[in-house]
Amino acid sequence: MFYPAFLNLQDKKCLVIGAGTVAERKAISLLRSGSDVHLISPRVTERLHDLIQHNQISWFDRQFQDGDTSGFFLVCAATDSTQTNTRIFKEAHKKNGIDLVNVVDVVPECTFAATSIVVLEKVSISISTSGKSPAVCRRIREYIESKFCQDAINHLEKESLVYKDDKKTTVREEHTFKSKVPYPIGFLTADRQCTIIGKNNKLLERVNLLRKCGAKVKMADDDTLRRDSSAFLTFADVEYQEYNGSQLVELTRNPMQGTFYTPLITVDHDLVIGITPNLDSKNAWQYAKQIQTDLATQFESQGYGHFLDFLGSLRPKVMTSIPTPAKRKQFFEDIIDQNSKGEKELCCFDFGDLGCSNECTFNLVRTHRTDQIKKTIQKKIQTYSYN
């Protein structure tokens with residue numbers, strides 16, 4: 450399970466290395482969060498080109514070079530070269546000590562994982578399956594979008610361009626992103642030390658959540674206000690005198706002054722949904738709590754966590770048996786799509802009927818009857834491995 454958080458990236462220098470749609474999504478999300486975005490790539494997508502032309506992104510038209518990560522707060526490696534991505538991670542995290550590094554699709558070379566996000570008028574909602582199922586994550590995001598459709602502003606990447614008379618025009622003036630959206634992530638805290646400074650109920654909640662995420666929690670005295678160099682994350686309810694904006698610190702008394710903050714959450718095993726007001730809607734906490742209550746009814750203790758565990762258990766076999774990423778993606782889509790083809794019009798995995806009793810994969814998994822579907826899944830794996 451990843452620790453859910455929203456980063457405060459206002460004016461922070463962030464670097465994206467790579468081209469293509471993945472790099473585009475990362476750059477736009479960072480820009481939408483108020484960060485100072487830099488891009489290194491010998492080519493760019495059309496959307497990114499528009500942003501560069503309007504001085505929204507600083508672009509270096511070349512391949513990655515040694516020393517490029519120096520001085521950045523956050524680094525995302527999204528090149529199509531595994532060797533280059535590993536090189537970026539080693540330089541950024543191990544050599545330059547950058548705490549926030551993400552290498553696309555390589556969890557061991559990440560300190561955080563990007564999460565899916567739904568942006569509403571007043572709040573943002575993050576969805577994470579802790580890397581176990583992007584397909585489930587997408588379906589949950591689509592459900593949340595439809596549930597709050599009158600208030601939705603999705604997707605961020607669609608805001609890059611406007612269309613007039615069926616012709617694409619340049620980026621809108623408001624694409625300076627005056628309305629900022631907090632940047633949702635999941636910290637990879639397993640076996641990493643996290644320090645707690647102070648004592649209150651909020652910090653106790655943080656401790657319990659950190660332990661669920663596998664973190665090593667260190668409780669410091671109230672008067673221990675100096676930086677702990679061994680801490681990956683620091684949580685404080687007192688004045689943190691040595692905080693200078695570069696460390697990963699949550700200040701529970703004034704969340705917007707820290708590097709990150711913990712949102713309201715709905716959790717079921719590795720499914721973590723975070724809800725927070727947007728940066729220009731700081732008085733929307735009551736609305737955020739209402740959404741949290743609604744989503745908790747839908748997702749907590751309803752079997753989604755068990756289903757994610759099951760899908761995650763298939764990944765090692767799928768990775769070795771099915772040769773291409775596209776086929777692996779389609780395999781999992783097929784497994785999940787079986788859940789929406791029951792006798793009823795709305796199946797439970799379509800989020801419309803929590804009392805559904807169809808003999809679908811989802812119901813079999815959440816009622817611990819996986820033996821009934823293992824043979825079917827094994828045949829599917831064999832089919833995809835030969836095609």
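Be aware that the sequence shown starts at 450, since it is given in this note's numbering, and climbs by one per residue.
Glycine included, C-beta positions come from ideal geometry on N, C-alpha and C.
> Are three or more beta carbon pairs between the segment 753-767 and the segment 577-584 nearer than 8 Å?
Replying inline: yes
> In the DSSP assignment, what are the bridge partners of Phe684?
Replying inline: Ile645, Glu699
> So, are the CB atoms of Gly467 and Ala562 less than 7 Å apart?
Replying inline: no
> With Thr725 and Val572 assumed to form a contact (beta carbons below 8 Å), what rounded beta-carbon distance in angstroms separates them?
Replying inline: Taking C-beta atoms under 8 Å as the contact rule, Thr725 and Val572 qualify, at a distance of about 6 Å.
>> Could you check whether the Cβ of Ile826 sits closer than 6 Å to any heavy atom belonging to the ligand FAD?
In response: Because no ligand of any kind appears in the structure shown, any question about the ligand FAD cannot be addressed here.
> Quick one: what's Ser573 bridged to in DSSP?
Replying inline: Under the DSSP definition of a beta bridge, Ser573 partners with Val568, Thr725.
> CA-CA distance, Thr742 and Asp529?
Replying inline: The straight-line gap from Cα to Cα measures roughly 41 Å.
>> Below 8 Å, how does it come out for the segment 488-502 and the segment 465-479: are there three or more Cβ pairs, yes or no?
In response: yes
> Rounded C-beta distance between Lys829 and Phe780? I'm assuming under 8 Å.
Replying inline: The C-beta distance from Lys829 to Phe780 rounds to 6 Å, short enough to fall under 8 Å.
> By Cβ distance, which residues of its chain are closer than 6 Å to Ser507, with the 5 residues on each side in sequence left out?
Replying inline: These residues qualify, in order along the chain: His487.
>> Do Pro631 and Ile566 count as a contact pair if the criterion is CB distance below 7 Å?
In response: Taking 7 Å as the cut-off, the Cβ atoms of Ile566 and Pro631 do not count as close.
>> Less than 7 Å between the C-beta atoms of Val413 and Thr560, yes or no?
In response: With the chain covering 450 to 836 only, the question about residue 413 has no answer from this structure.
> What residue range is occupied by the uninterrupted alpha helix (DSSP H) comprising Met768?
Replying inline: Secondary structure note for Met768: its alpha helix (DSSP H) is the uninterrupted segment 753-770.
> Given Cys643, which residues of its chain have a CB within under 8 Å of its CB, disregarding the five upstream and five downstream residues?
Replying inline: Leu659, Ala664, Lys665, Val666, Lys667, Ala680, Phe681, Leu682, Thr683, Phe684
> When the distance is taken between beta carbons, is Val556 closer than 7 Å to Asn534?
Replying inline: no
> Between which two residues does the alpha helix (DSSP H) harbouring Asn551 extend?
Replying inline: Where Asn551 is concerned, there is no enclosing alpha helix (DSSP H), although the beta strand (DSSP E) it sits in stretches over 549-552.
> Ala472: which of Phe455, Val493, Asn812, Asp515 sits nearest, CA to CA?
Replying inline: Val493
> How is the beta strand (DSSP E) around Leu488 delimited, first residue to last?
Replying inline: 485-489
> Nearest to Leu697 by alpha carbon, out of Val716, Ile547, Met450, Lys475?
Replying inline: Ile547
>> Given a cut-off of 7 Å on the beta-carbon distance, is the pair Phe521 and Pro712 in contact?
In response: no
>> Quick check on Cys525: buried or exposed, where buried means 16 or more other Cβ atoms within 10 Å of its Cβ?
In response: buried
> Name the DSSP beta bridge partners of Met705, please?
Replying inline: None, per the DSSP bridge assignment.
>> On the criterion of 16 or more Cβ atoms from any shown chain inside 10 Å, does Lys823 qualify as buried, or is it exposed?
In response: exposed
> Of the choices Ile576, Asp783, Phe759, whose alpha-carbon is the least far from that of His817?
Replying inline: Phe759
>> Our contact map puts Ser437 next to Pro453 with C-beta atoms below 8 Å; I'd like the distance itself, whole angstroms only.
In response: For residue 437 there is no data in the structure shown, the boundaries of the chain being 450 and 836.
> Alpha carbon to alpha carbon, what distance is there between Leu569 and Ala601?
Replying inline: Since pLDDT at Ala601 reaches only 49, below the 50 mark, its modelled position is unreliable, and no value is offered.
> Which residues share a DSSP beta bridge with Cys463?
Replying inline: Val486, Leu523
> Between Asp719 and Thr578, is the Cβ-Cβ spacing less than 7 Å?
Replying inline: yes
>> Please report the distance separating the alpha-carbon of Glu558 from that of Asp515.
In response: 18 Å
> Which term fits His624, buried or exposed, when burial requires 16 or more other beta carbons within 10 angstroms of its beta carbon?
Replying inline: With a pLDDT of 43 at His624, under the threshold of 50, the modelled position of that residue is not reliable, and the figure given next carries that caveat. His624 comes out buried.
> Near Lys651, what residues of its chain come up, given a Cβ to Cβ distance below 6 Å and the 5 sequence neighbours on each side ignored?
Replying inline: Thr701
>> Check for me: the beta strand (DSSP E) holding Lys665 runs from which residue to which?
In response: 665-669
> Can a CB atom of chain B be found closer than 7 Å to the CB of Ile593?
Replying inline: Among the protein chains of the structure shown there is no chain B, as only one such chain exists.
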